[in-house]
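The letter at position 307 of the sequence shown is residue 310 when you use my numbering, and the numbering goes up by one with no holes.
All C-beta atoms in this analysis are idealised placements derived from N, C-alpha and C, irrespective of residue type, glycine included.
These figures come from a predicted structure and were not determined experimentally.
Data first, discussion second: the structure below is written as structure tokens.
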Amino acid sequence: MIRGLYTATSGMLSLQRRQDSLANNLANINTPGYKQDVGVMRAFPEQLLARIRDQEGPDIQGLPQMGGQAALIGRLHTGVYMSEALPVFRQGDIAETRDPFDVALMDNIQPDEEGNERRLFFSVARLEDPAAGPAEPEQLRYTRNGNWSVNADGYLVTADGYYVLNDENQAIRVNDPDGIEASAGHTLEISQDGALFYRNEDGERVPFGEQSLGIRVVTSPQQLVREGTNIYRYEGEGQPVNAAEDPENEGFYGVKQGWLERSNVDPAQTMTDMMTVLRAYEANQRIITTLDGTLEKAANEIGRVNG
């Protein structure tokens, strides 16, 4: 009976964590590029019960009794727990914003030869001095959020203050406050493969310092660790490579300027899952209430002497 209390309690705790994860998904439904988390539920190890003082008990189907051994009762489930929340990197819908600093990543990259999932990300980094040179490997972070802006120094930055990097892991500067002739300003254009251009005074399209967006291919994206809402740190071996370095990727990805990728959260499914979790939580509550009432009778009524 006491074991039943622990089992129901573990169920309530795991369901609470899953409900928190679903609520966080719903709260980020309008966050550009957000990837929903899915809770992974695991069971605690089962226990095998036996009647150690009953050597002549009946066999249990599937658990035959051997001579001289205790009679087997069966397996006891000891509850569940939510071990982790894994992001789902499915492509979200895109929406037009017409903002030149909004960029959506179209990802149709195929799995590798071993069948491992691969996904594309923009590379970003926090830098003390963006003009000092390329970001170090430990500084690199990855995101699908293309909602960018230009800071006071003319660099492309994310809403969280990370610098947007090019294919050489250098911060991208589109406006130079000290030299307007070196600025792209609102005339910045980004091609489908991520190359940067601007329009000169004659309206001609000119390569902007031969720069391209840092678009990285992450193999087995489950090795990404979420930092905050939309930033990920890679903990696999090596470093993700530029998408343009592999000719086989051509035609399977693209960049759309003036568009944003929405979150991939399905609000209807999320609300349904939240209701299901709530009902399961209430069922565990009722189990605890029932067991508590039984324990109360065992402690206060059984064996009571009349009179």
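The segment 21-32 and the segment 40-50 touch, with three or more beta-carbon pairs separated by less than 8 Å. Within the segment 88-149, the runs of beta strand (DSSP E) that reach at least 3 residues and sit entirely inside it are, in chain order, 97-99, 106-110, 121-128, 143-146. Straight-line spacing of the CA atoms in R202 and V258 works out to 19 Å. In the displayed model, I305 falls within coil according to three-state DSSP, outside both helix and strand. When C-beta atoms of the segment 93-108 are compared with those of the segment 147-154, three or more pairs fall below 8 Å, so the two segments count as touching. Your pair S266 and N31 checks out as a contact, with CB atoms roughly 6 Å apart and the cut at 8 Å.
Per DSSP, reduced to three states, the secondary structure at N245 is strand. With a minimum length of 3 residues, the unbroken runs of beta strand (DSSP E) contained wholly in the segment 202-263 fall at 208-215, 218-222, 227-230, 234-237, 256-260. Only exposed fits Y9, as fewer than 16 other CB atoms lie within 10 angstroms of its CB. Rounded to whole angstroms, the Cβ separation of E213 and Q226 is 32 Å, and the two are not in contact under 8 Å. DSSP places S194 outside both helix and strand once states are collapsed to three, so it counts as coil. Excluding its 5 nearest sequence neighbours in each direction, L130 has C-beta neighbours in its own chain below 8 Å: A138, Q142, Y166, A174, listed in chain order.
In the displayed model, N31 falls within coil according to three-state DSSP, outside both helix and strand. Residues of the same chain with a CB within less than 6 Å of the CB of I290, apart from the 5 flanking positions on each side, are A11 in chain order.
With contacts defined by Cβ atoms closer than 8 Å, T34 and N233 form a contacting pair. Counting of Cβ neighbours within 10 angstroms places D96 among the exposed residues, the total staying below 16. With contacts defined by Cβ atoms closer than 8 Å, F124 and R219 form a contacting pair. With the rule of 3 Cβ pairs closer than 8 Å, the segment 80-97 counts as touching the segment 11-22. Here I290 carries a helix assignment [DSSP, helix/strand/coil]. By the C-beta criterion, the segment 245-260 is judged to be in contact with the segment 111-128, since at least 3 inter-stretch pairs fall below 8 Å.
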